[in-house]
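Taking it in order: structure first as structure tokens, then the write-up.
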Ligand SMILES: [Ca+2]
Ligand SMILES: [Ca+2]
Ligand SMILES: [Ca+2]
Ligand SMILES: [Ca+2]
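Residue numbers (the numbering used here): 5 to 264.
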């Protein structure tokens, strides 16, 4: 078991993208970074080779030496199966951290390739932007309607849903967030360049009311792949997420029939 250590340096809002590989000899990659202020520390492990499995951990680098050793403390881990994306979104104060990618399973001699994205989005005393990475955390498949439940807090600042819509007509998509006890917000994203990062022109719609108000957004969509992010503004909360699509053609015909 051989560990490779890489220096990322000071981590801010602009995502750092690293591509790397693991195998049965090189089994662990450690990425050291530091943050200033309080941030949502966002890690997204994706594009893992089909048939392989890597997992993700976030450590506090307690002795600030840039390497993983017995004095460092594990904060969170993500260990989804097969080559599903792993993600961590954690509110952490200024300090030194380690993102660790571990080989879990390498199925053949070609090794395991992956991409790791890292960012730190300011979260306190007030948030300025939502986490900007797009791990496919919850894959809904092709949907016309989907109802989900989840919870957000300082150990999970965002849930990222990935889904497809398929229709010969344009559709009206509605996403609503209810049952909130803290302040959470929602936004709809299309990852046009497929890099699993939220670029500036990729946010289609958002809803971000104050306190525990329910959120709702509508947007006209065509067949394609979309992300919905449900993210923490402040506090912890459970939530209900409802995504529905309806045919705008049908709605237009109905309203025309009503007028006629
Ligand atoms: Ca250390
Ligand atoms: Ca995994
Ligand atoms: Ca993108
Ligand atoms: Ca809100």
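Beta carbons: idealized from backbone N, C-alpha and C, even for Gly. Note that the coordinates shown come from a computational prediction; the quantities given were computed from them, not determined experimentally.
Check: residue 209 C-beta below 7 Å from any heavy atom of ligand 4: Checking the Cβ of residue 209 against ligand 4 gives no.
Close-in-space but distant-in-sequence residues of the same chain around residue 206 (CB under 7 Å, 5 per side omitted): 193, 194, 195 and 196
Proximity test, residue 57 beta-carbon vs ligand 3 heavy atom, cut-off 7 Å: no
Proximity of residue 120 and residue 49 at Cβ, strictly below 8 Å: yes
Per DSSP, cross-strand counterpart(s) of residue 44: Under DSSP, residue 44 forms a beta bridge with 95 and 125.
Chain D within 8 Å of residue 153, Cβ atoms only: No chain D is present in this structure, which holds just one protein chain.
Per DSSP, the bridge partner or partners of residue 71: None; residue 71 has no bridge partner.
Contact test: residue 66 Cβ vs ligand 1 heavy atom, cutoff 7 Å: yes
Cα-Cα separation between residue 209 and residue 224, rounded to whole angstroms: 10 Å
At least three beta-carbon pairs within less than 8 Å, the region 141–159 to the region 244–252: yes
Environment of ligand 4 in chain order, Cβ to heavy atom below 5 Å: If you measure from each CB to the nearest heavy atom of ligand 4, the residues under 5 Å come out as 187, 189 and 213.
N- and C-terminal bounds of the beta strand (DSSP E) containing residue 188: 187–193
C-alpha distance - residue 113 paired with residue 27, whole-angstrom precision: 8 Å
Residue 18 - containing beta strand (DSSP E), residue span: Boundaries cannot be given for residue 18, as no beta strand (DSSP E) includes it and DSSP labels it neither H nor E.
Close Cβ partners of residue 202 (< 7 Å) along its chain, the five nearest in sequence each way excluded: Same-chain partners within the cutoff: 136, 138 and 193.
Per-residue burial, residue 173 [other beta carbons within 10 Å of its own, 16 or more giving buried]: exposed
Own chain, CB closer than 7 Å to residue 227, minus 5 neighbours either side, in chain order: 169, 170 and 171
Of the listed residues 182, 235 and 101, nearest to residue 37 (C-alpha basis): It is 101.
In chain order, each beta strand (DSSP E) run of at least 3 residues that lies wholly inside the region 184–245: 187–193, 207–211, 219–225 and 228–238
Among 96, 93, 143 and 87, nearest to residue 109 - alpha-carbon criterion: 87
Where the beta strand (DSSP E) through residue 181 begins and ends: Taken as a continuous stretch (DSSP letters only), the beta strand (DSSP E) holding residue 181 covers 175–182.
Proximity to residue 23 [Cα-Cα], best of 34, 81, 16 and 204: 34
Neighbourhood of residue 140 by C-beta distance below 6 Å, restricted to the same chain and skipping five residues each side: 89 and 166
For residue 82 and residue 111, the rounded distance between their alpha carbons: 20 Å
Test item: CB-CB of residue 175 and residue 218 under 8 Å: no
Assigned secondary structure, residue 7 (DSSP; H/G/I helix, E/B strand, else coil): strand
beta-carbon residue 88 near ligand 2 non-hydrogen atom, thresh 7 Å: yes
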